[in-house]
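For reference, the structure is listed below as structure tokens.
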Amino acid sequence: MMNTLTKELQFTVRGDERGSLVALESLCEQVPFEIKRVYYIFGTDPEAVRGKHAHHKLKQVLVCVSGACDIRMDDGKERKTVRLDHPAKGLYIEGLIYHEMLNFSRDCVLLVLADAPYDESDYIRDYHQFLKEVHL
Ligand code: T46
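Take the sequence shown: its position 74, counting from 1, is numbered 75 in my numbering, and each next residue is one higher.
See below:
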């Protein structure tokens with residue numbers, strides 16, 4: 002299940018002598034949904050662990066546009082950690098994946114594209130509740 006609900010992404014870098022540029026659009030190959038919300042996480046304490054939840058439905062693409070952090074994912078059977086450490090490297094996460102973000106570098110800016118507005122009722126914050134939902 003991990004492989005259908007998560008995917009590591011490599012974005013095309015349009016570089017020239019002035020520097021680099023990555024462009025992401027709704028419904029492109031790497032962002033297979035209409036973007037309804039953009040948020041970013043920065044100034045995170047390197048000791049902090051964020052996330053610690055799954056979503057019922059939300060689809061998201063995560064990218065560290067500066068610095069690095071680890072994304073630890075759990076589908077109820079398998080666990081996997083991906084380090085996002087380059088602006089051209091992304092991660093797609095959909096629905097019932099319990100995820101945590103940790104090992105933030107001081108300069109980390111984690112940008113997230115999401116397919117829906119913020120909705121607290123879409124969050125499963127309790128790990129045991131998450132396991133129940135996965136095994137329904
Ligand atoms: C996720 C990971 C990768 C809002 O008001 N609007 C928003 O769009 C978001 C994302 C959050 N908030 C509020 C809710 C909390 O009062 O901002 C506060 C911090 O949110 P939270 O503790 O959920 O942040 P993280 O870093 O644990 O998780 C976030 C996203 O919430 C989550 O969907 O998948 O980043």
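For glycine and all other residues, C-beta sits at the position ideal for the given N, C-alpha and C.
- Between the alpha carbons of H57 and S67 lies a distance of about 29 angstroms.
- Runs of the beta strand (DSSP E) lying entirely within the stretch 84-128, each at least 3 residues long, are 90-95, 99-103 and 110-115 in chain order.
- Counting only the Cα atoms, K37 lies some 5 angstroms from A117.
- With a cutoff of 7 angstroms, I125 does not count as near the ligand T46, since its C-beta is closer than that to no heavy atom of the ligand.
- In the structure shown, F12 falls within a coil segment according to DSSP collapsed to helix, strand and coil.
- Contact between I72 and L59 is ruled out by a C-beta separation of about 15 angstroms, above the 8 angstroms threshold.
- Closest by C-alpha distance to A115, out of G16, T13 and E35, is E35.
- Within the DSSP bridge table, the entry for M74 names K81 and H100 as partners.
- Using a C-beta cut-off of 8 angstroms, the stretch 6-15 makes contact with the stretch 71-91, since at least three inter-stretch Cβ pairs fall below that distance.
- Judged by DSSP secondary structure, L63 falls within the beta strand (DSSP E) whose first and last residues are K60 to S67.
- For G52, the distance from the CB to the nearest heavy atom of the ligand T46 is below 7 angstroms.
- In the DSSP assignment, M3 falls within the unbroken alpha helix (DSSP H) covering M3 to L6.
- Where G52 is concerned, the enclosing beta strand (DSSP E) starts and stops at R51 to H56.
- If you draw a 10 Å sphere on the C-beta of H100, you find 16 or more other C-beta atoms in it, and that means buried.
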